[in-house]
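Enquirer: In the numbering used here, the protein residues as written are 7 to 162.
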């Protein structure tokens, strides 16, 4: 199974790229983690946010291969602890499809992306910086994988 993280935003600080890459490289070949960046629309003083979100949503949905399970990262999604995430990952694998995790930009995800999702996942009730979310999600997925595979990374 391949897990795609499709995130709005490019040109991340070096610490974000380093953090994400650290966890990405730990995944085994049979559960690869890939990052696809969607350029964020230009936000100015009088920006049409609704239009920008729509365009970001179209680009995000276009990046998803046909048949992938779509999971959106949203404050209003279901919070998962490590064991629940590991169980979700097992279900994803048994489903036989690849997974696309969608992370929005400063205003979140476009309504079209939310409507297309099969699962909504909340990392926290807090609003987290979107660059940091990439690292948290990558580490959480790796921890879930390690739990499912009795890898010593996750200790209780």
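Even for Gly, the Cβ is constructed at its ideal location relative to N, Cα and C.
A quick note: this is a predicted structure, and the numbers were derived from the prediction, not measured.
1) Of the residues 49, 37, 39, which one's Cα is nearest the Cα of residue 15?
2) Give the straight-line distance between the Cα atoms of residue 159 and residue 153, rounded to the nearest whole angstrom.
3) Using a Cβ-Cβ cutoff of less than 6 Å, which residues in the same chain neighbour residue 70 once the five nearest sequence positions on both sides are dropped?
4) Can you look up residue 124 in the DSSP assignment and give me helix, strand or coil?
5) Which of the three DSSP states, helix, strand or coil, is assigned to residue 153?
6) Buried or exposed, going by whether 16 or more other CB atoms sit within 10 Å of the CB of residue 90?
7) Over the uninterrupted alpha helix (DSSP H) stretch that includes residue 68, give me the two end residues.
Expert: This is what the structure gives:
1) By one-based count along the chain shown, residue 15 stands at place 9. Closest option to residue 15, judged by alpha-carbon separation, among 49, 37, 39: 49.
2) As a first step, residue 159 is located in the chain shown; it is residue number 153 there, counting from the start. As a first step, residue 153 is located in the chain shown; it is residue number 147 there, counting from the start. Straight through space, the alpha carbons of residue 153 and residue 159 are spaced by roughly 8 Å.
3) As a first step, residue 70 must be located in the chain shown, where it is residue number 64. Counting only Cβ-Cβ distances below 6 Å, and skipping sequence neighbours, we find 106.
4) As a working mapping, residue 124 is identified with position 118 in the chain shown. In this structure, residue 124 counts as coil in the three-state DSSP scheme.
5) Taking the first residue of the chain shown as 1, we reach residue 153 at position 147. Three-state result, residue 153: helix.
6) In the chain shown, counting from the first residue as 1, residue 90 sits at position 84. Exposed: under 16 other Cβ atoms inside 10 Å.
7) Against the chain shown, residue 68 aligns to sequence position 62. First-last of the alpha helix (DSSP H) with residue 68: 55–68.
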